[in-house]
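Visitor: Structure incoming, see below.
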Amino acid sequence: MSNQCSTVEPGLGGCCCNTDACLNPVTNTFPGNDLICYVGIYYEKDNYSVGSEVKCNGKCASLQTTFAGKKFKSYHCAPTPVCKALAVDNSCGPVYKDSDVTACCCDSGKNCNVKEPISTNATAPAVCFDPSQFLQFHYYDR
39 MSNQCSTVEP
49 GLGGCCCNTD
59 ACLNPVTNTF
69 PGNDLICYVG
79 IYYEKDNYSV
89 GSEVKCNGKC
99 ASLQTTFAGK
109 KFKSYHCAPT
119 PVCKALAVDN
129 SCGPVYKDSD
139 VTACCCDSGK
149 NCNVKEPIST
159 NATAPAVCFD
169 PSQFLQFHYY
179 DR
């Protein structure tokens, strides 16, 4: 093992490098080579997708289920402990034995959480502020 991180046994892992501080053991990445993940949603019906790329300090992740007989998938940047707790650290599996929901986590490369034919881009989605959508609270002195 050289210039990579590995789990030796559950709860014990390490990194080996041929230079000082070449790997971040939390994200399995080289300094200055950040993990980029797609964050958004995909619905197989009409190939609908919306999302964007983000820098991730954990793992690229996804949750998949079916809705009206079509694949529905959400993409995330998940904290590494969440992936480990779900037993999907660099793998996929059911969420707490729920055969209808599959979780995946990876850190193998840019947008490794995307397998579907969607466009990933670096442009953040537009966010429009509509003040009428928020509750207004009024405070009165008693």
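Residue numbers (the numbering used here): 39 to 180. Yeah, the Cβ is synthetic: ideal placement off N, Cα and C, and Gly gets one too. All of these numbers come straight from a predicted model, not from anything done at the bench.
Out of curiosity, what's the CA-to-CA distance linking Y86 and H114?
Guide: Using only the alpha carbons, I get a separation of about 17 Å.
Visitor: Across the segment 76-90 and the segment 117-132, are there enough close Cβ pairs to call them in contact, namely three or more that are closer than 8 Å?
Guide: Judged by Cβ distances under 8 Å, the segment 76-90 makes no contact with the segment 117-132, as fewer than three pairs qualify.
Visitor: Buried or exposed, going by whether 16 or more other CB atoms sit within 10 Å of the CB of D138?
Guide: Classification for D138: exposed.
Visitor: Could you tell me if N151 is buried or exposed, where buried requires 16 or more neighbouring beta carbons within 10 angstroms of its beta carbon?
Guide: N151 comes out buried.
Visitor: With H, G and I counted as helix, E and B as strand and the rest as coil, what does DSSP make of K153?
Guide: DSSP places K153 in coil when its eight states are reduced to three.
Visitor: Whole angstroms is fine: what's the gap from Y134's alpha carbon to L124's?
Guide: Between Y134 and L124, the C-alpha separation is close to 7 Å.
Visitor: What distance in whole Å lies between the Cβ atoms of E91 and N6, which are believed to be in contact at a cut-off of 8 Å?
Guide: No answer is possible for residue 6: the residues shown for the chain start at 39 and end at 180.
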